[in-house]
Amino acid sequence: MSIVFDSERRTITLNTRQTSYQMKLSETGYLLHLYYGAGIEGDMSYLYEPADVGFSPNPVSKRLDRRWSLDILPQEYSSGNTGDYRLNALSCVNAAGVWGADLRYQSHSVRPGKYAVEGMPAAFDKGSECETLSVILADVSAGVEVELLYGVFEEKDVITRAVRIRNTGEGALRLEKAASACLDLPYGDWELLHFHGRHAMERIPERVPLLTGIETVSSRRGASSHQQNPFVVLCRPDTTEQAGECLGLMPVYSGSHRADIERDQMGSVRAVMGIHDEQFSWTLLPGESFSTPEVLMSFCADGLGALSRRYHRFLRHNVCRSRWTFRRRPVLLNNWEATYFGFTSEKLLNIAREAKELGVELFVLDDGWFGERCDDNRALGDWAVNEEKLPGGLNPLIEQIEAMGLKFGLWIEPEMVSEDSELYRAHPDWALTVPGRSPAMGRNQLVLDLGRKEVEDFLFETFSSLLSGHRISYIKWDANRHITDVYSRALPPERQGEALHRYMLGLYSLLERLTTAFPEVLFEGCAGGGGRFDAGMLAWFPQIWCSDDTDPIERLTIQRGTSYGYPVAAVGSHVSASPNHQDGRQTPFGTRGLVAMSGTFGYELDPGKLSGEEKEQIRAQIALFSELYELIQNGEYYRLEEEKHGPSFSAWEFVAPDKAEALLCLVVTHPESNPAPLHLRWQGLDENASYRVWRREFFGCALPIPSDTPELADERPTLSGSALLHAGYTLPRMYGDYPSVLVHLKKA
Ligand code: DGJ
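Right, here's the structure in full:
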């Protein structure tokens, strides 16, 4: 039993393998939060020494005990206007104009299995993995009922949370904020680790101490965004990759989101996470309810690396729904950086032919194949094939590509419409625009109002007939602008605050319908690169194009940042041309391959423009990737730490689940003339085993590597797991622009 109710002490404790989470039904009727952290036993109420701190209100039943205040005690789900001045999780107004809700415990129940979140992606139970706790709180006089839902995945050390809010009153209830989770951490120092960025440079980790006041990580862009990823980690100041306490909060949501972390007058920390409350309101008629997105919480006492690996496993096993999640993904070649819009069918076939010869398995036709789409200013919405570029339509092209022995994949951008399109001319009201105001443009396109059923149905019909009429094995689903001019012509003025979330519900419904109708198609998500790399999208897309930046050196930062929350098997990553198209940097072909291999792996270039030697490298890279596929995609991922006084590098590692083999990847990011030794320590190996250096391959070194002697390859030295973990490993000096190395160990 992972959920334990102690009726005497009135505590409810959620236990996972290594953690405990506890709440208490207090004598006042308020549901207090007592603890979240490493596994404990007993009633944690003793932690809260009563004290009158002044100017912190008391419930009327405690009017003579000024030491009892909602403003001081940790809460399970806070609402304003009742004496807690800290961040609220619920903000609502009823028909009488009453703001806030005085939420008191009503009942609770426990059942096997996992609750569902209506209309939204959420974690699922693969069979007896999860127990659900439902706690009902209510403000009876205000007509507000709140159901707090907890999914306890005991073995996974993950607790999920979501909230259902019901209008139990006689008139309308307007929600102005409905967070998914509120978590109080009453004691100790905490730091915030979050992942910010911009287009083509997503998910840069930033770790800051929490000061008194509020830190916010959010997106109000209608998408989870390149700018602030919906994943935050709270950690202790001394937490490192390999040790220390940390706690992750990740919403399963792809729209505007917000996480506020407040440190209050007493140094107590509260995190509130959910849908962004700006441009959000939701009207509930009597009897109606609203479900928030889910949040995945995990506490880990063993450092950031272990926390990441937990999220990797959980997302793959319990969130990704695609049949492709654990299937071997094809090595693809995408024509975008090879041709952009300037392709003919002959050009595409030449690229595909070369690609096939080099070992590529899937050819992907990117943007530009439909309507009058000769550039990115027009034709989105007109999903009929441009027969000037592709005579006879897609089928003759697909047939020829399949005849070469390749699978065929296609790019689409369903959620958008160009003003210059047949679709917009026929249905201008389907775009999100404000009446009487010129809309802000993004890539000269508008966003369709997916909250409208007829828009969702149109897109379902359009893309299901595309998929049923052609042999398409893979879809790249792009979205190249964020939302402005939020106004739905289908909603009355007082419900305009629902438009953004209704958009997400429409998008999720469309994705569910299409992926259910075409379960064999591999869908890759994309939003101008990694603008929607989140747990919500991963439910439908087992892989997501990680960034429009394909420079391997910048990708080191992007992919490392992404790895804090998301698994390598989800990271779309390709080898592209050098000089790189985004920043002009020149890098060795081998280093580009090594970085792309730590993802879904593919190419984004014209192989016809490569030298014979580079083509040979492609063959070798694909062979290597196939050999290492299991280890990379299903192994455990470790971020390795750089030694302060050595040369600058980025390094990461994969370890097989049974620790029988491991792979180290390292890229020198700043070569030096006379560098200190290149030394690091492996992680995750079996202490008691011996490992043989099975393969050690250097890429892009300008000078020969003196110590990479032929004997090394022949003798395959054996080193103990304990030595590699504790004494570490020293690599020969590497010179040149961005050289890299791969070291493959196998148990001796
Ligand atoms: C943005 C994507 O991230 C690119 O890979 C490419 O598909 C373009 N859109 C096409 O317009």
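So the sequence shown is residues 320 to 1067, counted in the numbering used here. Ideal placement from N, C-alpha and C gives every residue a C-beta, glycine not left out.
Check	Outcome
Inter-residue spacing [alpha-carbon to alpha-carbon] between Gln764 and Arg800	8 Å
Rounded straight-line distance, which links the Cα of Ala457 to that of Gly1073	Because residue 1073 is not part of the residues shown, which for the chain are 320 to 1067, the question remains open.
Buried/exposed call for His595, threshold 16 Cβ in 10 Å	buried
Asp686 Cβ short of 7 Å to the ligand DGJ heavy atom set	yes
Host beta strand (DSSP E) of Phe1018 (start-end)	Ser1009 to Phe1018
Helix, strand or coil at Gln337 [DSSP, three-state]	coil
N- and C-terminal bounds of the beta strand (DSSP E) containing His998	Leu997 to Leu999
Assigned secondary structure, Asp323 (DSSP; H/G/I helix, E/B strand, else coil)	Contrary to the premise, residue 323 reads as Val rather than Asp in this sequence. Looking at Val323 - three-state DSSP - the assignment turns out to be strand.
Buried versus exposed, by CB contacts within 10 Å (16 or more), Asp508	exposed
Glu673 - DSSP class collapsed to helix/strand/coil	helix
Between the CA atoms of Lys795 and Phe842 - distance to the nearest angstrom	6 Å
Inter-stretch contact (C-beta, 8 Å, three-pair minimum) for the region 607-614 and the region 564-576	yes
Inter-stretch contact (C-beta, 8 Å, three-pair minimum) for the region 816-823 and the region 390-407	no
Run of the alpha helix (DSSP H) containing Asp776, from where it starts to where it stops	Lys772 to Gly788
Rounded separation between Ser453 and His989 - CA only	53 Å
Nearest-angstrom Cβ-Cβ length linking Leu1004 and Lys978, presumed shorter than 8 Å	6 Å
Given 8 Å, three or more beta-carbon pairs between the region 656-666 and the region 708-716	yes
Cβ neighbour criterion (16 or more within 10 Å) applied to Asp384	exposed
Own chain residues within Cβ distance below 6 Å of Ala975, not counting five before or after	Leu950 and Gly954
Backbone secondary structure at Gln425 - three-state DSSP	strand
First and last residue of the uninterrupted alpha helix (DSSP H) at Glu1039	Just to set this straight, residue 1039 is Ser in the shown sequence, not Glu. Segment Thr1037 to Ser1039 is the beta strand (DSSP E) holding Ser1039; no alpha helix (DSSP H) there.
Inter-residue Cα distance where the pair is Thr330 and Pro861	39 Å
Those residues which DSSP pairs with Met735 across a bridge	Val766
Own chain partners of Ala836 with C-beta closer than 6 Å, once the 5 adjacent residues on each side are dropped	Ser783
Heavy atom of the ligand HEM within 7 Å of Ala896 beta-carbon	In terms of ligand content, the structure shown lacks the ligand HEM and carries the ligand DGJ instead.
Cβ pair Leu623, Cys554 closer than 8 Å	yes
Residue of Leu366, Ser426 and Lys381 minimising C-alpha distance to Phe324	Ser426
Three CB pairs or more closer than 8 Å across the region 998-1012 and the region 1032-1051	yes
Residue(s) in a DSSP beta bridge with Met592	Ala500 and Ala578
For Leu729 and Leu684, the rounded distance between their alpha carbons	5 Å
Length at least 3, wholly inside the region 1037-1067: the beta strand (DSSP E) runs in chain order	1037-1039, 1048-1050 and 1059-1066
Proximity to Phe682 [Cα-Cα], best of Ile720, Glu691 and Arg646	Ile720
Cβ distance (whole Å) where Leu725 is taken to contact Val679 below 8 Å	7 Å
Secondary structure, beta strand (DSSP E): runs of 3+ residues fully inside the region 808-880	841-844 and 862-864
Other residues of its chain near Glu303: CB distance less than 8 Å, five sequence neighbours each side excluded	There is no way to answer for residue 303, as the model of the chain reaches only from 320 to 1067.
Sequence-distant residues of its chain with Cβ nearer than 6 Å to Leu1031 (five each side left out)	The predicted model places Leu1031 with a pLDDT of 49, which falls under 50 and marks its position as unreliable; any figure quoted below should be read in that light. Nothing listed; no residue qualifies.
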